[in-house]
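Visitor: Read top to bottom, the protein sequences are chains A and B. Under the working numbering, the first residue of the first sequence is numbered 30, with each subsequent residue one higher. Under the working numbering, the first residue of the second sequence is numbered 30, with each subsequent residue one higher. Beta carbons are placed, not taken as given, at the ideal position from N, Cα and C, and that holds for glycine. A single structure is presented below for examination.
Number of protein chains: 2
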Amino acid sequence: MKLFFSPTSPYVRKVMITAHEVGLADKIEMLGSAAHPVNRDRTIIAQNPLGQVPTLIADDGTVIADSRVICAYLNDLAKGSVFPADPKARLQAEIDQALGDGILGAALILRYEVAVRPEALRWPDWISGQWDKIFTTLAHFEAHAPEGRADIGAITLASALSYLDLRFPEYDWRRTHPKLAAWYAGFEKQPSMVATVLKG
Amino acid sequence: MKLFFSPTSPYVRKVMITAHEVGLADKIEMLGSAAHPVNRDRTIIAQNPLGQVPTLIADDGTVIADSRVICAYLNDLAKGSVFPADPKARLQAEIDQALGDGILGAALILRYEVAVRPEALRWPDWISGQWDKIFTTLAHFEAHAPEGRADIGAITLASALSYLDLRFPEYDWRRTHPKLAAWYAGFEKQPSMVATVLKG
Chain A
30 MKLFFSPTSP YVRKVMITAH EVGLADKIEM LGSAAHPVNR DRTIIAQNPL GQVPTLIADD
90 GTVIADSRVI CAYLNDLAKG SVFPADPKAR LQAEIDQALG DGILGAALIL RYEVAVRPEA
150 LRWPDWISGQ WDKIFTTLAH FEAHAPEGRA DIGAITLASA LSYLDLRFPE YDWRRTHPKL
210 AAWYAGFEKQ PSMVATVLKG
Chain B
30 MKLFFSPTSP YVRKVMITAH EVGLADKIEM LGSAAHPVNR DRTIIAQNPL GQVPTLIADD
90 GTVIADSRVI CAYLNDLAKG SVFPADPKAR LQAEIDQALG DGILGAALIL RYEVAVRPEA
150 LRWPDWISGQ WDKIFTTLAH FEAHAPEGRA DIGAITLASA LSYLDLRFPE YDWRRTHPKL
210 AAWYAGFEKQ PSMVATVLKG
């Protein structure tokens, strides 16, 4: 398999944590890319019209977007348990993936606003709204940390927290979310996390 | 079940088309909402920290976000075929859902940029990048329309096209995508589409 990747993409990290968890990481050849929302990468677009990372090219040539679909594909391929077989556990994992992706989406929008958009065109209310989305969702996970789980919900949440650390190190989410911080401190010691650290 | 909804949300439309297709539409009670990325709706947030529509509250109280998870949940509940049982067909449906959601996401970002953000703070390069994402993905579907399918991929694409018609009626995508236009003209006659028309 081949994967268009970026070393700073938290969505790529979701895929690679999953690949490590299900034992497929060494089957994936990494393809460099220059995915960007304004200067779009035509090499990716030739395969995936969204022009985004992660994009997986399966061994039979099927091009798979996006991170959710890729993670489910890898799990199915390896008969893994990142998506639990039990329907109730799987639903919870997928809900938590959606919430984690919500944090990630808001954090990426913030990154585009404060690091890509010209400074004179930034909108404080928009920035506040995205931060508020992150705050309310982190508060949810502070009350409902995915203890003892390594499913796609936990993986997505960990990717989101690592992205906050990478891009917004001045935001000390650990201080205001001690239970989530304790959960993450344990989770990030897993080999799948150690092998996939984001590099800014 | 209860659903936080908005009559203009294409993600809500995905859910309601799915509900009609699997025969569960009359089991869903609609809850009005004022979801907004800046002035966030605290009533939704009390249930779903993302504060978004669609948010489904299942009969056992489980709160389900987001549209992908809700659609899969409804399909499982009704043992429907919106997510095909055949693994290859299901993968294709999920890839096309991701591509359709990509169009939707770009269209929503455009909507926020040109209708929510103060005019003086709009960024033409950002607008061009989002439109380009829509163009490349529509070009893909012009070559690969989901003929004869009513799965989640086709449903998502139809929701995206209907949203372009609602918010950007000046963009005549049918002229430049005649095969996609022919497919959509057939698809939108289905009862599940007729029952869920977006209202701006």
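To which residues of the same chain is Tyr-17(B) closer than 8 Å at the C-beta, ignoring the five residues directly before and after it?
Guide: Outside the displayed span of chain B (30 to 229) sits residue 17(B), for which this structure offers no information.
Visitor: Taking the beta strand (DSSP E) that Met-222(B) falls in, what are its first and last residues?
Guide: Against the second sequence, residue 222(B) aligns to sequence position 193. Note, Met-222(B): premise wrong, no beta strand (DSSP E); alpha helix (DSSP H) at 220–223.
Visitor: Let me know the secondary structure DSSP gives Val-226(A) once reduced to three states.
Guide: The residue labelled residue 226(A) in the question sits at position 197 within the first sequence. Here Val-226(A) sits in coil by DSSP.
Visitor: Here's a check: name, in chain order, each residue in its chain whose Cβ is nearer than 6 Å to the Cβ of Val-82(A), leaving out the five neighbours to either side.
Guide: For the purposes of this step, residue 82(A) is taken as the residue at position 53 of the first sequence. Excluding residues within five positions, the ones whose Cβ falls inside 6 Å are Phe-33, Phe-34, Ser-35, Ser-38, Val-41, Ser-62, Ala-64.
Visitor: Need the endpoints of the alpha helix (DSSP H) that Leu-186(A) sits in, please.
Guide: Here residue 186(A) refers to the residue found at position 157 when the first sequence is read from its first residue. Per DSSP, Leu-186(A) belongs to the alpha helix (DSSP H) from 181–196.
Visitor: Closer than 9 Å, Cβ to any Cβ of chain A: which residues of the region 138–152 of chain B, in chain order?
Guide: So the close ones are Ile-138, Tyr-141, Val-145, Arg-146, Pro-147, Ala-149, Leu-150, Arg-151, Trp-152.
Visitor: Go ahead and label Lys-43(B) buried or exposed: buried means 16 or more other beta carbons lie within 10 angstroms of its beta carbon, across all protein chains shown.
Guide: Position 14 of the second sequence, counting from 1, holds the residue named residue 43(B). Buried, by the Cβ-count rule.
Visitor: Anyone know if the C-beta pair for Ala-174(B) and Ala-94(A) falls short of 8 Å?
Guide: Against the second sequence, residue 174(B) aligns to sequence position 145. Against the first sequence, residue 94(A) aligns to sequence position 65. In this structure, Ala-94(A) does not lie closer than 8 Å to Ala-174(B) by Cβ.
Visitor: Count the other CB atoms within 10 Å of the CB of Pro-207(A); is the residue buried (16 or more) or exposed (fewer)?
Guide: Numbered from 1 along the first sequence, position 178 holds the residue referred to as residue 207(A). It is exposed - the Cβ of Pro-207(A) has fewer than 16 other Cβ atoms within 10 Å.
Visitor: If we require 3 or more residues per run, which beta strand (DSSP E) segments fall completely within the region 64–138 of chain B?
Guide: Counting only runs of 3 or more, we get 84–86.
Visitor: Is the region 172–188 of chain A touching the region 123–139 of chain A, taking contact as three or more C-beta pairs under 8 Å?
Guide: Cβ pair count under 8 Å is three or more, so yes.
Visitor: Can you tell me which of Asp-201(A), Asp-161(A), Asp-70(A) puts its alpha carbon nearest to the alpha carbon of Arg-69(B)?
Guide: Reading the second sequence from its first residue, position 40 is the one you call residue 69(B). Of Asp-201(A), Asp-161(A), Asp-70(A), the residue nearest in Cα terms is Asp-161(A).
Visitor: Closer than 9 Å by beta-carbon distance: list the chain A residues that pair up with Trp-155(B), in chain order.
Guide: Here residue 155(B) is taken as the residue at index 126 of the second sequence, counted from 1. Here the neighbours are Pro-66, Val-67, Tyr-141, Val-145, Arg-146, Leu-150.
Visitor: Ignore the nearest five residues each way along the sequence and tell me which others in Ser-188(B)'s own chain have a CB closer than 6 Å to its CB.
Guide: Translated into positions along the second sequence, residue 188(B) becomes position 159. If we look at Ser-188(B) and ignore the five residues flanking it on each side, its Cβ neighbours are Pro-39, Arg-42, Lys-43.
Visitor: Can you tell me which residues form a DSSP beta bridge with Leu-32(B)?
Guide: Working through the second sequence from its first residue, we reach residue 32(B) at position 3. DSSP lists Met-59(B), Leu-85(B) as partners of Leu-32(B).
Visitor: Any beta carbon of chain A sitting closer than 8 Å to that of Lys-162(B)?
Guide: Numbered from its first residue, the second sequence carries residue 162(B) at position 133. Closer than 8 Å to some Cβ of chain A, the Cβ of Lys-162(B) qualifies, so yes.
Visitor: Does DSSP classify Tyr-213(A) as helix, strand or coil?
Guide: The residue given as residue 213(A) occupies position 184 in the first sequence. Here Tyr-213(A) sits in helix by DSSP.
Visitor: Under a Cβ-count criterion, where at least 16 other Cβ atoms within 10 Å of its own Cβ denotes burial, should Thr-166(A) be classed as buried or exposed?
Guide: Your numbering for residue 166(A) matches position 137 in the first sequence. Looking at its Cβ environment, which holds 16 or more other Cβ atoms inside 10 Å, Thr-166(A) is buried.
Visitor: Straight-line CA distance for Arg-151(A) to Ile-124(A)?
Guide: Mapped onto the first sequence, residue 151(A) falls at position 122. Mapped onto the first sequence, residue 124(A) falls at position 95. About 32 Å.
Visitor: Secondary structure at Trp-155(B), three-state DSSP: helix, strand or coil?
Guide: Position 126 of the second sequence holds residue 155(B). Three-state DSSP puts Trp-155(B) in a helix.
Visitor: Below 8 Å on the Cβ atoms is my contact criterion, and I expect Gly-229(A) with Leu-195(A) to pass it. Report the Cβ-Cβ distance as a whole number of Å.
Guide: Here residue 229(A) is taken as the residue at index 200 of the first sequence, counted from 1. Here residue 195(A) is taken as the residue at index 166 of the first sequence, counted from 1. Going by Cβ atoms, the distance from Gly-229(A) to Leu-195(A) rounds to 5 Å, so yes, they are a contact pair.
Visitor: Strictly under 8 Å for the Cβ-Cβ distance: is Leu-79(A) near chain B by that measure?
Guide: Your numbering for residue 79(A) matches position 50 in the first sequence. For Leu-79(A), the answer is yes, since a Cβ of chain B falls inside 8 Å of its Cβ.
Visitor: Count the CB pairs spanning the region 210–221 of chain A and the region 45–52 of chain A that are closer than 8 Å, and state whether there are at least three.
Guide: Touching, yes.
Visitor: Considering His-49(A), what are the terminal residues of the alpha helix (DSSP H) in which it resides?
Guide: Start at 1 with the first residue of the first sequence, and residue 49(A) comes out as number 20. Its alpha helix (DSSP H) spans residues 39–51.
Visitor: Could you give the distance in angstroms between the alpha-carbon of Ile-163(B) and the alpha-carbon of Ala-211(B)?
Guide: To locate residue 163(B), count along the second sequence from 1; it is residue 134. To locate residue 211(B), count along the second sequence from 1; it is residue 182. Spanning the two alpha carbons is a distance of roughly 18 Å.
Visitor: Buried or exposed: Pro-116(B), going by 16 or more other Cβ atoms within 10 Å of its Cβ?
Guide: Mapped onto the second sequence, residue 116(B) falls at position 87. Under this definition Pro-116(B) is an exposed residue.
Visitor: In the region 79–104 of chain B, which residues sit with their C-beta less than 8 Å from some C-beta in chain A, listed in chain order?
Guide: Under the 8 Å Cβ criterion, the region 79–104 of chain B contributes Leu-79, Gly-80, Gln-81, Thr-91, Val-92, Ile-93, Ala-94, Asp-95, Arg-97, Val-98, Ala-101, Tyr-102.
Visitor: Can you check which of these residues, Glu-217(A), Pro-113(A), Thr-84(A), Leu-120(A), is closest to Tyr-192(A) by C-alpha distance?
Guide: Working through the first sequence from its first residue, we reach residue 192(A) at position 163. Among Glu-217(A), Pro-113(A), Thr-84(A), Leu-120(A), the Cα nearest to that of Tyr-192(A) is on Glu-217(A).
Visitor: CA-CA distance, Ala-107(A) and Ala-54(A)?
Guide: The count along the first sequence starts at 1 and reaches residue 107(A) at position 78. The count along the first sequence starts at 1 and reaches residue 54(A) at position 25. Cα-Cα distance, rounded: 11 Å.
Visitor: For Ala-144(B), count neighbouring C-beta atoms within 10 Å of its own C-beta (all shown protein chains included) and say buried if the count is 16 or more, exposed if not.
Guide: Locating residue 144(B) in the second sequence gives position 115, counting from the first residue. Per the 10 Å Cβ criterion, exposed.
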